[in-house]
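Structure record follows, encoded as structure tokens.
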Amino acid sequence: MKASFRASMAWLHTWCGLFAGWILFAVFLTGTVSYYRQEISAWMRPELHAGGTRTKALRRAETELARRAPHARTWLIELPDARTPSLRIGWSDRDGPGGFTLQTLAPVAPAGGEAPIAIRRTVGGDLFYYFHFDLLVLPFRLGRWLVSLCAVGMLVAILTGVITHRRIFADFFTLRFAKGGARAWLDAHNALGVLALPYHLMITYTGLVTFALMLMPWGIDLTYGGNRAAFQAEMFGQMLPGPRADRPHALAPLAPMLDAAERHWGGGAIGRIAVFNPDDATARVLVTRGDTDRIPITRQSLLFDGTTGAELAARDEAGPVEATWATLYGLHLARFAAPLLRGLFFLSGLVGTAMVATGLILWTTKRAGRAPGRGWRIAAALNAGTIAGLPVAMLALLWANRLIPAALPAREVWEFRSFFGTWLLAFAAATLLGRPLRWGVPFGVAAVLAAGLPVLNALTTGAHLGATLRSGAWGVAGVDLTILASAPVFACLAWMAMRHGAPSRTVRPPGTEGGRVLPVLAGTRRSAATEERAEVR
Amino acid sequence: MAGVALRTVGAVGGGYALAASAAGAAAVWLPLPRAEATLAGMLASFAVFAAAILWCFAARSATRALAGVALPLALLLTAWWGR
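Residue numbers (the numbering used here), protein chains in the order written: chain P, 3 to 539; chain V, 46 to 128.
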């Protein structure tokens, strides 16, 4: 490609990073906050009070499902745990997979005569979670494929980044912020990249692994004759409802089955519970082990006869490759992470987000001195709209969660619209505004939104910091506190943008045209001093 | 410019084809139970994809880049032979 291997890889790093960068930034940021998906979801359901035992939640699930969908083909139950105060139930009438109606409930049934707690309908932290691998707005599986392609781009950018940086250790201690301009952005980009390099590599590769079945199903065509369901059944122990006998039969109580499963796993956490043909003599209950107390997400499950509660089959063993797959997958989800480790994952994710952001800004800053062409202007607008606009959109979603009336039907659709609507506004602003304002305005708005959110929370709900800190609801309080802590960061970014971001008139050294040293002068111009001058704005 | 376009096609299209064929070949040729071998191919395929992309832009010419993808691809596709 270029004269040397290293130069070729630097070129690949630049362009691969640029084209994948905008999506990668959004994926990294929304993915990073998804480490606290459960806490954000709990924050977005302020009516939901923690508490209630598993027994009570399970009894509520059995009652509600029997009342709402007595003849369903499949029931799903997800019990509350340490990080999730809510109970989730679902039912489907399909023979095949999917088609579930899902409901989030308070884990304790209202006492006799008491009105049930109306929990607001909300997209919850799930919006960030699904956006980070699906992009949510594209049809079919286009979003997933696009994110996967960008993840491959990230993998290439990481590898080429390491190859390019000869002085990887020294660069880590090289911060020339005082020199400003491209130098400072380059040093920041290097430091952020090296600081959490193992994390960047892990999260990128394991991210691809989570989509392995969609991206690389070709081996299944050879070994299973294209029967993907057979592969999934063998590999992941997935199960579908069997044929009904059409002989009505009452379902045995689920609690003893959960106790038996817990004993079977030596105290391991219960995950999802599926009930097939709940009102029939052929009823089956599949109890799957949870992922909160172990790294690999290997599918371990126990199958019970739903009419008698007798244990029918167990799936425990995983081959070495499946164990590898399950460990990689589990590392990406990090459901196992205890608070401190979760915090470190979160920080590493922020470092990754900042690495992508500094890389994108480096591209435009390096080229800012030239007469800006159309490509540069598009890149600069996309940079501001993505890097400064996305945080505003995320905060707008949380504001919308508190401002949209709790009783409004389909209010979760309005939450969805306020997120994407705000982001579109940010892109419009980034296109219309000049250089300092397109960064300063959204960062300023983000600072105001972040500082105001705990206040808005106190004004609109009873689940504010004053209450949550006192009652020890650390998950919900943590969301408020983290957002509050981000306010000065956004304010600082806005201030920096307004102070340093003013358009500069850079005179480039003579003989450089479009960034390339003219061939005639190549021999004479490439002195260290010229290089230095070319880099500094 | 044409060189860059060719290399990009080789890197994205060819790289994916190479990764997919590697996943298929591993599923057939690895001496493991079929589910395990299939999964092993999937897990390793992304490294193959990334390596192919690097190769396509490191090669001295676009022709060499494409040949470097096409040759192993042809070899791995023999896993499909007779199926």
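Glycine included, every Cβ here is placed at the ideal spot set by N, Cα and C. Just so it is clear, the structure is predicted and the values come from calculations on it, not from any experiment.
Three-state class that DSSP yields for residue i in the structure shown
i	result
Q105 (chain P)	strand
G126 (chain P)	coil
I42 (chain P)	helix
S303 (chain P)	strand
S94 (chain P)	strand
G311 (chain P)	coil
I272 (chain P)	strand
A390 (chain P)	helix
A285 (chain P)	coil
T508 (chain P)	Low confidence applies here, because T508 (chain P) scores a pLDDT of 42, under 50, leaving its location unreliable; read the following figure in that light. Note: T508 (chain P) maps to coil in three-state DSSP.
S10 (chain P)	helix
R291 (chain P)	strand
V158 (chain P)	helix
G48 (chain V)	helix
V110 (chain P)	coil
G513 (chain P)	Note on G513 (chain P): pLDDT 39, under 50, position unreliable in the model; the coordinate value appears next. Coil at G513 (chain P), not helix or strand.
R518 (chain P)	For R518 (chain P), the predicted structure reports a pLDDT of 38, less than 50, and the residue's modelled location is therefore unreliable. A value from the coordinates is still provided. In the structure shown, R518 (chain P) sits in a strand (DSSP, three-state: E or B).
T548 (chain P)	The question about residue 548 (chain P) has no answer here: the residues shown for chain P are numbered 3 through 539.
I79 (chain P)	strand
F278 (chain P)	strand
A120 (chain P)	coil
L255 (chain P)	The sequence given here places Pro at residue 255 (chain P); Leu does not occur at that position. Looking at P255 (chain P) - three-state DSSP - the assignment turns out to be coil, as it is neither helix nor strand.
L89 (chain P)	strand
L217 (chain P)	helix
R143 (chain P)	coil
Cβ pair residue i, residue j closer than 8 Å
i	j	result
A97 (chain V)	G60 (chain V)	yes
F133 (chain P)	T208 (chain P)	no
A431 (chain P)	R440 (chain P)	yes
P99 (chain P)	L50 (chain P)	no
A356 (chain P)	L242 (chain P)	no
A64 (chain V)	F94 (chain V)	yes
P280 (chain P)	G311 (chain P)	no
V323 (chain P)	E81 (chain V)	yes
A448 (chain P)	P393 (chain P)	yes
A59 (chain P)	L78 (chain P)	no
Y38 (chain P)	G351 (chain P)	no
A214 (chain P)	L88 (chain V)	yes
T433 (chain P)	A381 (chain P)	no
A68 (chain V)	G55 (chain V)	no
G127 (chain P)	Q234 (chain P)	no
S6 (chain P)	F102 (chain V)	no
A496 (chain P)	F445 (chain P)	yes
F30 (chain P)	G354 (chain P)	yes
M237 (chain P)	L77 (chain V)	no
A276 (chain P)	T76 (chain P)	yes
A339 (chain P)	I299 (chain P)	no
R62 (chain P)	L107 (chain P)	yes
L217 (chain P)	L224 (chain P)	no
Chain-ordered chain V contacts of residue i [CB-CB under 7 Å]
i	result
A214 (chain P)	M87, L88
V158 (chain P)	A95, I98, L99
F21 (chain P)	Residues of chain V passing the Cβ test: none, with the nearest at roughly 10 Å.
V211 (chain P)	L88
Y207 (chain P)	F91
W327 (chain P)	L84, L88
Within chain P, the residues that residue i reaches when beta carbons sit closer than 9 Å
i	result
A80 (chain V)	T225, Y226, F233, E236, M237, G321, V323, E324
T108 (chain V)	Those within 9 Å of T108 (chain V) in chain P number zero; the least Cβ separation is about 13 Å.
V73 (chain V)	G221, L224, T225
A115 (chain V)	Chain P residues near A115 (chain V): none, gap ~18 Å exceeds 9 Å.
Within chain V, partners of residue i - CB distance below 8 Å
i	result
M11 (chain P)	L99, F102, A103
T162 (chain P)	L99
Under 8 Å by beta carbon: chain P residues contacting residue i
i	result
W125 (chain V)	L224
A68 (chain V)	M218, W220, G221
Residue i: CB within 7 Å of a non-hydrogen atom of the ligand COA
i	result
G101 (chain P)	The ligand COA is absent from the structure shown, which contains no ligand whatsoever.
Proximal chain P residues relative to residue i, where beta-carbon distance stays under 7 Å
i	result
L77 (chain V)	V323
Within-8 Å CB hit, residue i to chain A
i	result
L14 (chain P)	The displayed structure is made up of protein chains P and V, and chain A is not among them.
| Runs of alpha helix (DSSP H) wholly within the region 54-114 of chain V (minimum 4 residues, chain order) | Entirely contained in the region 54-114 of chain V, the alpha helix (DSSP H) runs reaching 4 residues are, in chain order, 60-74, 79-103.
| field | Sufficient close CB pairs (3 or more, under 8 Å) joining the region 291-298 of chain P to the region 261-275 of chain P | value | yes
| Taking contact to mean at least 3 C-beta pairs separated by less than 8 Å, is the region 455-472 of chain P in contact with the region 411-427 of chain P? | no
| Does the region 333-347 of chain P come close enough to the region 365-380 of chain P that 3 or more CB-CB pairs lie under 8 Å? | Short answer: they don't touch.
| said: Using 8 Å as the cut-off, can you tell me whether the region 148-155 of chain P makes contact with the region 7-26 of chain P, which would need three or more C-beta pairs spanning the two stretches below that distance? | reply: yes
| query | Unbroken alpha helix (DSSP H) runs of length 4 or more, entirely within the region 327-368 of chain P: which are they? | reply | 341-368
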